[in-house]
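What follows is a set of notes on a single structure, which appears directly below.
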Amino acid sequence: MMRAPNTLADMLDNNAWKYPDETAFVWGERQVTHAQFHERVSRLASALRGLGLKRQDRVGILSQNRLEFQEVYGACEISGFVCATVNWRLAIPEMVYIINDGAPKVLVFEADYAETIAAMKDQLKTVEHFICLDGNSDFALDYEDLLNFGDASGVPFRPKPEDIAFLIYTSGTTGRPKGVMLGQGGQVAAAEVLGSDQRNSPADRLLIMMPLFHIGAKIIQLAQHWRAGTVVVQKGFDPKAVLTCIERERITVTHMAPTMIQTLLDSPEVGTTDISSLRMIVYAAAPMPIPVLKRGLKLFGPVFQQQFGQTEGIGTTLLAHQHRPDGTDRDREILTSVGQASPRVDVRVVDEHGEDLPTGEVGEILLTSPGVMMGYWNNTAATLETLRDGWVHTGDMGRLDDEGFLYLVDRKKDMIISGGENIYSREVEEAVVTHDAVSEVAVIGAPDAKWGEAVMAIVVLRPGNSATAEQLIEHCRALIASYKKPRHVVFVDEIAKLPSGKVDKVKLRSLYAHDSRQ
976 MMRAPNTLAD MLDNNAWKYP DETAFVWGER QVTHAQFHER VSRLASALRG LGLKRQDRVG
1036 ILSQNRLEFQ EVYGACEISG FVCATVNWRL AIPEMVYIIN DGAPKVLVFE ADYAETIAAM
1096 KDQLKTVEHF ICLDGNSDFA LDYEDLLNFG DASGVPFRPK PEDIAFLIYT SGTTGRPKGV
1156 MLGQGGQVAA AEVLGSDQRN SPADRLLIMM PLFHIGAKII QLAQHWRAGT VVVQKGFDPK
1216 AVLTCIERER ITVTHMAPTM IQTLLDSPEV GTTDISSLRM IVYAAAPMPI PVLKRGLKLF
1276 GPVFQQQFGQ TEGIGTTLLA HQHRPDGTDR DREILTSVGQ ASPRVDVRVV DEHGEDLPTG
1336 EVGEILLTSP GVMMGYWNNT AATLETLRDG WVHTGDMGRL DDEGFLYLVD RKKDMIISGG
1396 ENIYSREVEE AVVTHDAVSE VAVIGAPDAK WGEAVMAIVV LRPGNSATAE QLIEHCRALI
1456 ASYKKPRHVV FVDEIAKLPS GKVDKVKLRS LYAHDSRQ
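Numbering-wise, the working numbering puts 1450 at position 475 of the sequence shown, and it's gapless, one number per residue.
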């Protein structure tokens, strides 16, 4: 009997019962229906129980995007195990830390990472079984062989809404990565909110190419399956492959970072591909520069929708109809925001004492919703600091206007203090990027003997364009206060990013901020 879902297991059951023959996933030439997916993840859950896993035990996975990654997620969702993802971009010592912290009994991996696993497996304290997804390994079980031992009718446990579903590690921008505990019931609520925001339907076809170890890709998949749509999985982002997939699979919804959208717009294939099926491109990580948005609207139409949130919880939405770069001054002002609170989400801006600030004043952004994290794994101190009375203290600085639009100003730790003045990197970035030659910019503080910190702009120029540091500094002088303008400009081919698509300012500071002579 179908019922309103309280857990992710309920979602899987409902889709298999109501839409058994509709396509759940596409991976290359493979198509898997909701009933087939339910059967495979049930067998995998049964097989994992046969390896000795108990309810709420962790299952680690190190893999790029593929159908089997979704199956590992699904087996944990349906049975009450916890899927603990590992960022494949990390160095081995970082992976070892995360795996030992999450303490999985089983580690599933893609054959491409067999050498990585072999190099670190003796350091992994809790892993009892290794499972290789797609190849032979002398120390690992074969994934398909394991499934053959599973019983589709023998799912070992039934999860509760308060159970942990996923253990997703933060990017470690403020120290060691922290394992964010995301609950079964909370993720259903988050999927419902985003699915409603995105107006998802069973007819939709979602393309995922963002990494599945990150919550951004996972939650948009859940939002799609909340309404039993189809999810097309690609290994990663390649502009030609993305455009080909949109045309071939008649993709209606996809999810990208703004830098991906710009790369797509610059692709030579973009003008010769049929993209008419697209009704929505969800972007996150940062507001989109107005010049990029205008190009995107001209090519794709009014399809862009911005989501703001964190691994710890969903936040705000800037809806497609609010993207009007050629509208009024107010329309353009709204485009510098990250939208208004999503349904069932509340947003506050507070001072250092936790008191609500008046409209327009800058403070720390707090979020709460049914989908916020349960806390940080093995880290009570960080949990108490970040999650207070159900509110996530984001560490982001921002302000609210009188219509509830939220404007990001900076990360608390990214604010630059120069000569005693607070300078928000976001404001400087918005000034620099308006120069016609600039494709992308990130602003950081660099040590300065006189001022304490000086503003440094790290700039990627548009192909075929040129500009000097002096020209960019003068350009900013006309737009922002003189003390806010960059004192140093570094030209680079690309700017380091986190898996979420956000700029990795920790890495940028380590690369450039020690040298203010640039």
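Cβ atoms here follow ideal geometry from the backbone N, Cα and C, with glycine treated the same way.
Extent of the continuous alpha helix (DSSP H) run through residue i
i, result
"G1131", "For clarity, residue 1131 is Pro in the given sequence; the question names Gly instead. Unbroken run through P1131: none, as it is neither H nor E."
"Q1173", "That residue, Q1173, is in no alpha helix (DSSP H); it is neither H nor E in DSSP."
"V1481", "K1480 to L1483"
"Q1199", "I1190 to H1200"
"H1410", "No alpha helix (DSSP H) contains H1410, which DSSP labels as neither H nor E."
"A999", "Where A999 is concerned, there is no enclosing alpha helix (DSSP H), although the beta strand (DSSP E) it sits in stretches over T998 to W1002."
"Q1446", "A1444 to R1452"
"A984", "L983 to K993"
"F1124", "Y1118 to F1124"
Euclidean distance between Cα positions of residue i and residue j
i, j, result
"A1022", "D1032", "14 Å"
"K1029", "N990", "26 Å"
"A1295", "D1076", "40 Å"
"M1348", "I1289", "10 Å"
"R1492", "A1432", "With a pLDDT of 41 at R1492, under the threshold of 50, the modelled position of this residue cannot be trusted, and the question is left open."
"R1005", "F1188", "22 Å"
"A1127", "A1010", "11 Å"
"R1202", "S1176", "5 Å"
"A921", "S1038", "One cannot answer for residue 921 here, as it falls past the ends of the chain, which runs 976 to 1493."
"Q1199", "S1400", "35 Å"
"H1368", "V1155", "14 Å"
"D1087", "D1109", "9 Å"
"A1316", "M1263", "18 Å"
"T982", "G1160", "5 Å"
"V1418", "A1059", "33 Å"
"Y994", "P1214", "32 Å"
"L1116", "S1017", "18 Å"
"L1483", "H1463", "14 Å"
"A1164", "N1040", "24 Å"
"K1135", "A1488", "48 Å"
"F1105", "R1024", "14 Å"
"E1405", "D1364", "35 Å"
"E1167", "V1208", "21 Å"
"G1346", "Q1162", "6 Å"
"V1403", "H1410", "12 Å"
"L1197", "P1333", "36 Å"
"V1034", "K1153", "17 Å"
"A1078", "K1100", "7 Å"
"A1444", "K1460", "11 Å"
"S1485", "H1013", "46 Å"
"Q1285", "M1184", "19 Å"
"A1456", "I1392", "14 Å"
Any non-hydrogen atom of the ligand HEM closer than 7 Å to residue i Cβ
i, result
"P1152", "With respect to small molecules bound, the structure shown includes none, and the ligand HEM cannot be examined in it."
Rounded distance between the beta-carbons of residue j and residue i, thought under 8 Å
i, j, result
"V1081", "L1026", "6 Å"
"V1435", "I1398", "At roughly 21 Å, the Cβ-Cβ gap does not stay under 8 Å, so V1435 and I1398 are not in contact."
"D1179", "T1248", "Rounded, the Cβ-Cβ distance is 19 Å, inconsistent with contact."
"A1412", "A1453", "That belief does not hold up - the Cβ atoms of A1412 and A1453 are roughly 15 Å apart, past 8 Å."
"K1477", "D1389", "Contact doesn't hold; Cβ gap of about 11 Å is too wide."
"P1300", "R1307", "6 Å"
"E1287", "I1250", "Their Cβ separation, rounded to whole angstroms, is 34 Å, which puts E1287 and I1250 out of contact at 8 Å."
"V1313", "L1293", "6 Å"
Run of the beta strand (DSSP E) containing residue i, from where it starts to where it stops
i, result
"P1068", "Unbroken run through P1068 is the alpha helix (DSSP H), I1067 to G1077; no beta strand (DSSP E)."
"V1047", "Careful: V1047 lies outside any beta strand (DSSP E), inside the alpha helix (DSSP H) at L1042 to S1054."
"G1346", "Per DSSP, G1346 belongs to no beta strand (DSSP E) and is neither H nor E."
"V1464", "H1463 to F1466"
"E1014", "No beta strand (DSSP E) holds E1014; the alpha helix (DSSP H) holding it covers H1009 to G1025."
"E1428", "G1427 to L1436"
"M1095", "Not the beta strand (DSSP E): M1095 falls in the alpha helix (DSSP H), residues A1089 to M1095."
"R1030", "Run containing R1030: none; DSSP gives neither H nor E here."
"L1157", "G1154 to G1158"
8 Å Cβ cutoff, residue i in contact with chain D
i, result
"V1478", "Absence of chain D from the displayed structure is noted, only one protein chain being present."
Given 8 Å, three or more beta-carbon pairs between the region 1378-1388 and the region 1355-1365: no
Entirely enclosed alpha helix (DSSP H) segments - the region 1292-1327, minimum 4 residues: 1304-1309
3-residue-minimum beta strand (DSSP E) runs that sit fully inside the region 1239-1281, ordered along the chain: 1255-1258
Contiguous beta strand (DSSP E) assignments of at least 3 residues, all confined to the region 1352-1396: 1366-1375, 1381-1386 and 1391-1393
The region 1165-1173 in contact with the region 1040-1056 per 3-pair CB rule at 8 Å: no
Contact the region 1107-1122 vs the region 1135-1143: 3+ CB pairs below 8 Å: no
Three or more C-beta pairs below 8 Å linking the region 1063-1074 and the region 1337-1346: no
Cβ pair count under 8 Å reaching 3, the region 1323-1337 against the region 1268-1277: no
Segment contact flag, the region 1449-1459 with the region 1232-1244, C-beta cutoff 8 Å, min 3 pairs: no
Within the region 1201-1227, ranges of the alpha helix (DSSP H) (whole runs, at least 4 residues): 1214-1224
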